[in-house]
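Novice: Residue numbers (the working numbering), protein chains in the order written: chain A, 30 to 501; chain G, 876 to 1315. From the three backbone atoms N, C-alpha and C, an ideal C-beta is built for every residue, glycine too.
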Amino acid sequence: MKLIFERSMPGRGQDIFPECDVEIKLPQAALREKEAALPEISENEMGRHYTELAKASRGVNDGFYPLGSCTMKHNPRINEKMAALPGFTNIHPLQPEWSVYGACKAMEMLEHDLGEITGMDRITLQPAAGAQGEFTGLLLIKSYHESRGENQRKEIIIPDSAHGTNPASAAMAGFKVVVIKSNEKGMIDLDDLKAHLSEKTAGLMLTNPNTVGIFDDNIMEITRMVHEAGGLCYYDGANLNAVIGLVRPGDIGFDCIHLNLHKTFSTPHGGGGPGAGPVGCKDFLAEFMPGTYSKDDGFVRAEKSLGDMTGFHGNFLVCMKALTYLLTIGAEGVPELAKNAVLNANYMMEKLKDYYPMAYDHTCMHEFVMSLEKFHKESHVSALDVAKALLDYGIHPPTMYFPLIVDEALMVEPTETEAKEVLDEAIEAFIAIHKQMMESPESVMACPVTTPVRRLDEVSAARHPILKYTAE
Amino acid sequence: MGTFIPNTKEEQLKMLNEIGYADFDDLFKDIPAEARVQGELNLPKGKSEIEVSQIMEELASDNVVFDSIFRGAGAYNHYVPAAVDAIANKEEFLTAYTPYQAEISQGILQSIFEYQTMMCQLTDMDIANASMYDGASAAAEACAMTQDRKHSTIYVSDTVDKRILSVIKTYAFGKDSVVKTIPAAAGATDLAALKETLEADDKAACFLMQYPNFNGIIEDGDAIAEIVHGAGAQLIMSVNPIALGVLKTPGEIGADIVVAEGQPLGLGLAYGGPYLGILATTEKNMRKIVGRLVGETKDSQGERGFVLTLQAREQHIRREKAASNICSNEALCALKASIYLATIGPKGLKQVATLCTSKAHYLAEKFEEIGMKRAYEGEFFHEFVTTCPNADQLLDALEDNGILGGLKLSDTEILWCCTELNSKEDMDDVVEIAKEVFSA
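1) Ignore the nearest five residues each way along the sequence and tell me which others in residue 227 of chain A's own chain have a CB closer than 8 Å to its CB.
2) Quick check: the Cα distance between residue 94 of chain A and residue 453 of chain A, rounded to an integer number of angstroms?
3) Between residue 172 of chain A and the rest of its own chain, which residues show a CB-CB distance below 6 Å, the 5 nearest in sequence each way excluded?
4) Leaving out the 5 sequence neighbours to the left and right, which residues in its chain are closer than 8 Å to residue 1012 of chain G when beta-carbon positions are compared?
5) Pairing CB atoms from the region 338 to 345 of chain A with CB atoms from the region 114 to 133 of chain A, are three or more of them under 8 Å?
6) Confirm the yes/no value for this check: CB of residue 163 of chain A, any heavy atom of the ligand ATP, distance under 7 Å.
7) Which residue spans inside the region 1059 to 1099 of chain G form an unbroken alpha helix (DSSP H) run of at least 4?
8) By how many angstroms is the C-alpha of residue 193 of chain A removed from the C-alpha of residue 230 of chain A?
9) My output table needs one value for residue 173 of chain A: the three-state DSSP class, helix, strand or coil.
10) Hey, does residue 1027 of chain G have any beta-carbon neighbour from chain A nearer than 8 Å?
11) Anything in the region 1208 to 1225 of chain G with a Cβ closer than 9 Å to a Cβ of chain A? List those residues in chain order, please.
12) I'd like to check one pair, residue 155 of chain A with residue 320 of chain A: are the Cβ atoms closer than 8 Å?
13) Any chance you could list the alpha helix (DSSP H) runs of at least 4 consecutive residues sitting entirely within the region 186 to 253 of chain A, in chain order?
14) Mapping the DSSP letters down to three states, classify residue 76 of chain A as helix, strand or coil.
15) Do residue 238 of chain A and residue 271 of chain A come within 8 Å of each other at the CB atom, strictly closer than that value?
16) Relative to the C-alpha of residue 243 of chain A, which residue among A:256, A:371, A:304, A:457 is closest?
17) In chain G, which residues lie less than 8 Å from residue 480 of chain A when you measure between Cβ atoms?
18) What runs of the beta strand (DSSP E), each 3 residues or longer, lie entirely inside the region 110 to 137 of chain A?
19) Just mark residue 895 of chain G as buried or exposed, buried being the case when its beta carbon has 16 or more other beta carbons within 10 Å.
20) Would residue 264 of chain A pass as an interface residue toward chain G - the criterion being a Cβ-Cβ separation below 8 Å?
21) Can you check whether the CB of residue 191 of chain A is closer than 8 Å to the CB of residue 147 of chain A?
22) Determine, using beta carbons only, whether residue 1114 of chain G and residue 1135 of chain G come nearer to each other than 8 Å.
23) Give, in chain order, every residue of the region 302 to 326 of chain A whose Cβ lies closer than 9 Å to some Cβ of chain G.
24) Between the C-alpha atoms of residue 1261 of chain G and residue 251 of chain A, what's the straight-line distance to the nearest angstrom?
25) When the Cα of residue 1257 of chain G is compared with those of G:888, G:1194, G:1075, G:1240, which residue comes out closest?
26) For residue 1234 of chain G versus residue 1302 of chain G, is the C-beta spacing smaller than 8 Å?
27) Could you give the first and the last residue of the continuous alpha helix (DSSP H) run that contains residue 377 of chain A?
28) Does residue 127 of chain A pass the burial test, meaning 16 or more other C-beta atoms within 10 Å, or should it be called exposed?
29) Would a check of beta-carbon distances place residue 882 of chain G closer than 8 Å to chain A?
30) Where does residue 67 of chain A sit, in a helix, a strand or coil, going by DSSP?
31) Assuming residue 1003 of chain G and residue 1083 of chain G form a contact by the criterion Cβ under 8 Å, report the distance between their Cβ atoms to the nearest whole angstrom.
32) Assign residue 329 of chain A to buried or exposed, taking buried as 16 or more other Cβ atoms, counted over all protein chains shown, within 10 Å of its Cβ.
33) So what's residue 1181 of chain G in DSSP terms, helix, strand or just coil?
34) Exposed or buried, what is residue 446 of chain A when buried is set at 16 or more other beta-carbons lying within 10 Å of its beta-carbon?
35) Can you list the alpha helix (DSSP H) stretches of 4 or more residues lying completely in the region 1196 to 1261 of chain G, in chain order?
36) Would residue 53 of chain A count as contacting chain G if we go by Cβ distances under 8 Å?
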């Protein structure tokens, strides 16, 4: 595929702007010496270019997308249509309150619904993504301890199965990361937790169900232990789709949470954002919340607000998509997400477990993890190879090499929006690859063969980075 | 209720039975009873698509879309070419995941590579990342990039948008970093104070300036760069991308890191988001840059391809030692910015910048004629501050006429902004209304 710069021809372009209707006047300041070398391209050529790029990309409508921990569910079209209403897209974030009554009301509705779903008393929509939500939640915990003069609480406990963002967020919030072990069932090792709790404990960050797809049934005991040690409990909402409507983090001892609207609440991932990472907390943390929240048709700031995560109200249009979704599925539809997400995952796991060893022999939640360690030892076929082989079946590979506690891991999350026959086809593909692995492992290692490019050389990309186009 | 679950209740039950569960309760039996929600959540009942549309349309219609807008202050009312949304809304772009699986994500990866290139062209810098959340959080992460064991203090000009400063301070709270502001003189950074302060602090990590600044004034980048570098600190410029169509570039000035709110590049006002954080830097900072990067490479057949690269800086590899926790960013917004820049091209970028600044100069002159003088004398781009007898009175009168006036800074000061969308007639109307209000 040509780069857009390689399609550029001097003198070409598109007419967007009118003649200036006042005298041309540039500031008497130092001006740019040379023009930015942007593409010069007609609308038709540009359209072709991006259509070519789109065809070399993969959206959720291109087929099964069982990417673990990412909840690649269907993105309803109505969400997009509603978020594109001019009454939402053409309003300035600094308009007077009387002129944004609808936006304020809509945000209040979403804050209410998310609070009800999570069992939290206050929600802020300001964080722009999940990782920023984590950072926000940790700053809440930090503000709380500091307000009580307990500045020595500098440790955040994180299980070894956690997403990489958890420790990274904790470090950004100034905490020391204390990693605790998972037991043979993939759950928190209570003894190890106990051994690490102290007067230095600021809190625990937990994803439940965790990243191996298991609901930690000691959860009430875990949050009780952390509270008893004076710490707070943070719920990473990445896996909320597994329990939404059935379990509320606020009811099982969590003090603050973040949600990923682009996972659980059906807003599209956009090839890596924009998402939205609303944060919820219990009343006793609400005075520290960042940004503003809606109240009585206006916005107010928390008394001891810790500041702002983004410049304005967060990713407002993403929030409007999530609100549209919640209005559609409603109270009775919310638990259906969890039930069917869990059913679909167990259905696949059950049908595959005779072929692929599962990391944990246990009913899974919305996702399951298989370990290809055995195959890797026997025939050198790795998790990566199986992932790449799935590409040739038109299936987006599962998440690879995560969680870190499972060797040669593949993590499969089908989501609730997949039909049984899609799951059946994927099961057949997995089984066919298994057969191929047994008969001709080297052919699996040569996959994919049907994609626009073959396996890419990541090592030389990192060793000799080429991060932009340079004209020859 | 609306549902997006394909399998019918009967199919669900059949699947459950097929894998050995009697029903859903059986499937969820591992979740302790005390952890379970009792009864139904207090949420509205589900609705049909038509009913949902009606509710959302009613909410949208409860917002006022002003016919003409003279407010900027961090969010700018520019024209969005038709191609931008038409292209960016293609399902493959809209719904794809982060391009970890390079073989089936070449389109997204290439679009990010092209975006990185365009940002380098725009700012005249060596490298740009794949995007940040918004301009403010990009500024905050840029400050953290400049810190090391010997350099920790973050300096920010008082002429920087207070919203950006607030996010910088919030991020700094995390690492217990010190953020200090450098005062302004005549609406621009006080260079003498900057020099004196930085020279007295051997722990200075960076100085962040806004270009043009919050008051609209074009700061003397060359002079600031000399002072900052002389003190051994890094210069971070928070820029308006449209202004770079005509103004001397951060690369020419010698900035170490450039951040920007990318919203003016085809994203619309959107009540504040999603926007786009632009972050670009020098080759020297390559291993310290935060966020995702796409690099060019070859596949096993020797064909050109693109991959996410230098991932050893990132959270999924480095965990607590990562340069940042950023994961999802604003890829689709970055794509929109690329389409915007490809649509308008180099000539269009210069043209839109020229339109904005010419119109702002026209309006400033007209205000001057009726006695609304500019608060500061410095050269400006498309925003400027005027004094007036009563800011509320004028802004109310404008709102009554369907015009969103400038942003009130104090009882007698307003920050105005003009873009290519403000016609001469609209500007004359504003001046006429101001004249009436203050002569009454």
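Specialist: According to the structure shown:
1) 184, 258
2) 14 Å
3) 317, 335
4) 1042, 1046, 1152
5) yes
6) The ligand ATP is not part of this structure, which contains no ligands at all.
7) 1066 to 1074
8) 20 Å
9) helix
10) no
11) 1208, 1209, 1210, 1213, 1214, 1216, 1217, 1218, 1219, 1220, 1221, 1222, 1223, 1224, 1225
12) yes
13) 194 to 201, 219 to 225
14) helix
15) yes
16) A:371
17) 978, 979
18) none
19) exposed
20) no
21) no
22) yes
23) 302, 303, 304, 305, 306, 319
24) 59 Å
25) G:1240
26) yes
27) 345 to 381
28) exposed
29) yes
30) coil
31) That belief does not hold up - the Cβ atoms of residue 1003 of chain G and residue 1083 of chain G are roughly 18 Å apart, past 8 Å.
32) exposed
33) strand
34) buried
35) 1206 to 1244
36) yes
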